[in-house]
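Novice:
Protein chains in written order, with the numbering used here: chain A, 23 to 197; chain B, 23 to 197.
(1) Can you give me the Cβ contacts of residue 141 of chain B inside the same chain, cut-off strictly under 7 Å, excluding the 5 residues immediately before and after it?
(2) Rounded to a whole number of angstroms, what is the C-alpha to C-alpha distance between residue 84 of chain A and residue 38 of chain A?
(3) Does the beta carbon of residue 59 of chain B come closer than 9 Å to any beta carbon on chain A?
(4) When the Cα atoms are used, what is the spatial distance from residue 61 of chain A to residue 32 of chain B?
(5) Are residue 42 of chain A and residue 76 of chain A touching if we call contact CB-CB under 9 Å?
(6) Determine which residues of the region 131-145 of chain A have a Cβ less than 9 Å from any Cβ of chain B, and write them out in chain order.
(7) Is the region 50-70 of chain A touching the region 131-149 of chain B in the sense that three or more CB pairs, one from each, lie closer than 8 Å?
(8) Round the Cβ separation of residue 169 of chain B and residue 27 of chain A to the nearest angstrom and send it over; I've been treating them as touching at under 8 Å.
(9) Could you check the C-alpha separation between residue 172 of chain B and residue 178 of chain B for me, to the nearest Å?
(10) Short of 7 Å Cβ to Cβ, which residues in the region 65-93 of chain A face chain B?
(11) Residue range of the alpha helix (DSSP H) that residue 174 of chain B falls in?
(12) From residue 91 of chain B to residue 132 of chain B, what distance separates their C-alpha atoms?
(13) Rounded to the nearest angstrom, what separates residue 157 of chain A and residue 69 of chain B at their Cα positions?
(14) With distance defined between alpha-carbon atoms, name the residue in B:87, B:29, B:51 and B:25 nearest to residue 155 of chain B.
(15) Roughly how many whole angstroms lie between the Cα atoms of residue 162 of chain B and residue 49 of chain A?
(16) From which residue to which residue does the alpha helix (DSSP H) around residue 77 of chain B run?
(17) Near residue 56 of chain A, what residues of its chain come up, given a Cβ to Cβ distance below 6 Å and the 5 sequence neighbours on each side ignored?
(18) Count the other CB atoms, across all protein chains shown, that sit within 10 Å of the CB of residue 51 of chain B; report buried if there are 16 or more and exposed otherwise.
(19) Would you kindly work out how many angstroms separate the C-alpha atoms of residue 121 of chain A and residue 105 of chain A, rounded to a whole number?
(20) Nearest to residue 54 of chain A by CA position, among B:44, B:72, B:34 and B:73, is which residue?
(21) Going by the beta-carbon positions, is the gap between residue 81 of chain B and residue 40 of chain B smaller than 9 Å?
(22) Beta-carbon of residue 49 of chain A versus every beta-carbon of chain B: anything under 9 Å?
(23) Where residue 14 of chain B and residue 44 of chain A are concerned, what is the direct C-alpha to C-alpha distance, given to the nearest angstrom?
(24) Is the CB of residue 55 of chain B under 9 Å away from at least one CB in chain A?
(25) Just the chain A side, please: which residues come within less than 7 Å of residue 30 of chain B by C-beta, in chain order?
(26) Kindly list, in the order they appear in chain B, the residues whose Cβ is closer than 9 Å to that of residue 39 of chain A.
(27) Applying the 10 Å Cβ sphere with the 16-neighbour rule, what's the burial state of residue 136 of chain B?
(28) At 4 residues or longer, what runs of the alpha helix (DSSP H) sit wholly inside the region 51-119 of chain A?
(29) Hey, is residue 26 of chain A's beta-carbon within less than 9 Å of any beta-carbon in chain B?
(30) At a cut-off of 8 Å, would you count residue 156 of chain B as near the ligand PLP, judging by its Cβ distance to the nearest heavy atom?
(31) With 16 other CB atoms within 10 Å as the buried threshold, where does residue 109 of chain B fall?
(32) So, does the CB of residue 117 of chain B fall closer than 9 Å to a CB anywhere in chain A?
(33) Determine the direct distance from the alpha carbon of residue 100 of chain A to that of residue 66 of chain B, and round the result to whole angstroms.
(34) From the DSSP output, read off the bridge partner residues of residue 163 of chain A.
(35) Near residue 98 of chain B, what residues of its chain come up, given a Cβ to Cβ distance below 8 Å and the 5 sequence neighbours on each side ignored?
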């Protein structure tokens with residue numbers, strides 16, 4: 023099946039901050055969306071292979087940071103193409119801590135959404151975590167980065183663990 | 023809690039086609055996203071109050087149509103601000119049928135994604151349905167409509183059953 027039609031689905035781009043003890047982590051996700059309005063709940067799909075999956079599963083917390091269009095590939099690559107098991111992704115990124123204790127980058131982030139996970143669904147390679155919004159705030163001004171902006175303007179690639187990964191032919195090389 | 027930060031989340035806009043016997047229905051949704059790549063699965067959050075919820079729950083099928091930016095408020099309003107219990111939403115809209123039997127509008131739709139529901143999660147007022155993509159195709163050329171385009175350019179409102187509905191102050195009046 024040619025999955026090109028799936029590339030017409032619109033997404034934003036986010037840094038999902040998580041934490042276990044003193045160990046902070048952050049990863050890029052494009053699958054963040056509000057599922058209910060009362061109470062306010064937000065879902066995020068995370069690969070079971072990710073360190074973030076391990077941290078969210080053990081703590082039941084994460085904090086979504088909404089990426090600004092001003093974020094460059096170096097910033098995104100730090101969170102998106104390395105594993106928090108191998109490197110400290112916040113070593114060179116200034117950050118604050120959300121009430122949950124999860125990190126929020128101080129740069130390139132327009133808003134944060136702090137989540138207490140209340141439900142999850144096992145979907146093969148990924149888990150869709152559903153979290154109640156316990157806190158949220160605006161942290162910057164600008165335009166939220168969309169996934170299409172990331173791919174078309176920044177020419178960003180999609181890592182194999184992303185929900186939307188399929189064929190390398192769909193992944194433009196980073197310029 | 024001021025939920026303004028949640029409006030920085032990026033969404034597209036879709037017509038979710040469903041069917042029970044000869045009864046066809048379609049509703050607008052902004053919460054459609056791919057959750058896994060192998061097999062390809064897509065999630066959609068639907069209010070329990072919607073007729074679509076009743077149809078998907080009974081048949082386990084729906085077909086996502088990706089809205090084009092060229093869709094106007096009359097077209098969107100037909101699917102978004104009426105109930106299929108009261109009116110035949112496809113009475114004046116030309117359509118084709120996906121392999122699932124669910125309707126796809128022939129106009130203002132860039133792509134269709136046919137789903138066989140394989141899982142669902144109860145989230146208070148809504149159900150997040152997860153479906154395996156059984157067929158998909160490109161049906162038009164253009165730019166996918168984003169939720170922010172709908173709100174900012176078309177000045178579209180958000181109905182009370184939408185996952186992102188909260189305060190009328192956030193809902194601009196239709197011009």
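Ideal Cβ positions, reconstructed from N, Cα and C, are used throughout, including at glycine.
Remember, predicted model here, so these are calculated numbers, not experimental data.
Specialist: The answer reads as follows:
(1) 152
(2) 7 Å
(3) yes
(4) 20 Å
(5) yes
(6) 132, 133, 134, 135, 140, 141, 142, 143, 144 and 145
(7) yes
(8) Between residue 27 of chain A and residue 169 of chain B the Cβ distance is about 19 Å, and since that is not below 8 Å, they are no contact.
(9) 5 Å
(10) 65, 67 and 88
(11) 169-174
(12) 9 Å
(13) 24 Å
(14) B:87
(15) 34 Å
(16) 73-81
(17) 64
(18) buried
(19) 24 Å
(20) B:34
(21) yes
(22) no
(23) Since the first residue of chain B shown is 23 and the last is 197, residue 14 of chain B is not available in this structure.
(24) yes
(25) 88, 132, 133 and 166
(26) Residues of chain B passing the Cβ test: none, with the nearest at roughly 14 Å.
(27) buried
(28) 73-81 and 95-102
(29) yes
(30) Looking for the ligand PLP in the displayed structure turns up nothing, as the structure carries no ligands at all.
(31) exposed
(32) no
(33) 30 Å
(34) Looking at the DSSP assignment, residue 163 of chain A forms no beta bridge with any residue, so it has no partner.
(35) 35, 50, 89, 172, 176 and 178
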